[in-house]
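Following full-length UniProt numbering, the numbering of the sequence shown begins with 1 at its first residue and continues without gaps.
All C-beta atoms in this analysis are idealised placements derived from N, C-alpha and C, irrespective of residue type, glycine included.
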Amino acid sequence: MRIISGKYKGRRINAPKNLPVRPTTDMSKESLFNILNHRIDFVGLKVLDLFSGTGNLSYEFGSRGAATITAVDADMGCIKFIKKTAGEFDLNISAVKNDVAKFLKGHKASYDIIVADPPYAMEQKLFEEMVTLVFENELLNEDGIMIIEHSKYTKLEHMMHYSFHKKYGGSIFTFFEFDNGEGDAVGIVEDGDTEED
Numbered sequence: 001m002r003i004i005s006g007k008y009k010g011r012r013i014n015a016p017k018n019l020p021v022r023p024t025t026d027m028s029k030e031s032l033f034n035i036l037n038h039r040i041d042f043v044g045l046k047v048l049d050l051f052s053g054t055g056n057l058s059y060e061f062g063s064r065g066a067a068t069i070t071a072v073d074a075d076m077g078c079i080k081f082i083k084k085t086a087g088e089f090d091l092n093i094s095a096v097k098n099d100v101a102k103f104l105k106g107h108k109a110s111y112d113i114i115v116a117d118p119p120y121a122m123e124q125k126l127f128e129e130m131v132t133l134v135f136e137n138e139l140l141n142e143d144g145i146m147i148i149e150h151s152k153y154t155k156l157e158h159m160m161h162y163s164f165h166k167k168y169g170g171s172i173f174t175f176f177e178f179d180n181g182e183g184d185a186v187g188i189v190e191d192g193d194t195e196e197d
């Protein structure tokens with residue numbers, strides 16, 4: 001994987017092949033951050049990275065100036081790798097080994113950006129539970145954004161605070177924001193397009 005922009009632009013990170021992950025591709029990651037570039041200032045952000053895997057998204061946020069990043073994953077191998085890599089890059093990443101649902105139920109801090117990259121095969125109800133926990137427990141700041149990567153078989157448009165989604169081949173990024181009510185579909189964005197505000 002490669003860091004696309006920021007302080008460590010162009011740096012490659014080689015994760016161990018035995019980690020149980022499906023990393024976000026560089027192309028999908030670049031498209032995601034192109035959307036965010038038009039919406040937020042990365043400098044000083046508080047970021048929560050759920051199902052963080054190798055830490056791919058955490059490093060990108062850190063390179064672009066995020067102040068603090070909390071990366072949560074249930075696999076100890078992933079957590080050890082994130083801690084090692086964060087130390088090498090001098091990034092302020094706190095890596096937490098925990099089940100994501102348990103973490104969300106007991107966590108009290110709030111964030112500007114929450115990203116989640118669960119296994120594509122995760123049950124629909126668990127995706128829904130994750131969104132519900134974030135908003136019910138006030139983990140997202142009022143002007144914050146939550147983004148979930150998932151397959152085309154998972155449908156999240158009906159969820160409260162749904163904003164829009166964008167497709168990249170077999171992957172979808174779905175965005176949630178406080179500005180929107182229950183099932184308020186602001187936009188459905190196809191491959192290669194950008195959302196119109």
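Spatial neighbours of residue i within its chain, please: CB distance less than 8 Å, with the 5 preceding and 5 following residues excluded, ordered by chain position.
i: Gln124; result: Thr154, Lys155
i: Gly44; result: Gly65, Ala66, Ala67
i: Ser58; result: Val47, Asp49, Ser52, Ile69, Ala71, Ile82, Ala86, Leu91, Ile93
For residue i, count neighbouring Cβ atoms within 10 angstroms of its own Cβ and tell me buried if that reaches 16, exposed if not.
i: Pro118; result: buried
i: Thr132; result: exposed
i: Gly170; result: exposed
i: Ala101; result: exposed
i: Ala109; result: exposed
i: Lys17; result: exposed
What does a CB cutoff of less than 6 Å around residue i pick up in its chain, not counting 5 residues either side in sequence?
i: Tyr120; result: Ser151
i: Ser63; result: Ile3, Gly6, Lys7, Tyr8
i: Thr194; result: In this predicted model, Thr194 has a pLDDT of only 39, less than 50, meaning its place in the structure is not dependable enough to derive any value.
i: Ala95; result: Ala71, Ile79, Ile82, Lys83
i: Arg12; result: Arg2
I think residue i touches residue j, with their Cβ atoms under 8 Å apart; what is that distance to the nearest whole Å?
i: Thr70; j: Ala15; result: The Cβ separation is near 19 Å, so there is no contact.
Bridge partners for residue i per DSSP, in chain order?
i: Met146; result: Ile114, Phe176
i: Lys167; result: Ile172
i: Val100; result: Val100 is not bridged to any residue.
i: Ile82; result: The partner list for Ile82 (beta bridge, DSSP) is empty, contrary to what the question assumes.
i: Leu140; result: Tyr111
For residue i, I'd like the list of residues in its chain whose CB is within less than 7 Å of its CB, leaving aside the five on either flank, ordered along the chain.
i: Glu177; result: Ile145, His161, Ser163
i: Asn141; result: Ser110, Tyr111, Asp112
i: Ser28; result: Tyr168, Ser171
message: Give the list of continuous beta strand (DSSP E) stretches no shorter than 3 residues that lie fully inside the segment 28-80.
response: With a minimum length of 3 residues, the continuous beta strand (DSSP E) runs that stay inside the segment 28-80 are 46-50, 68-73.
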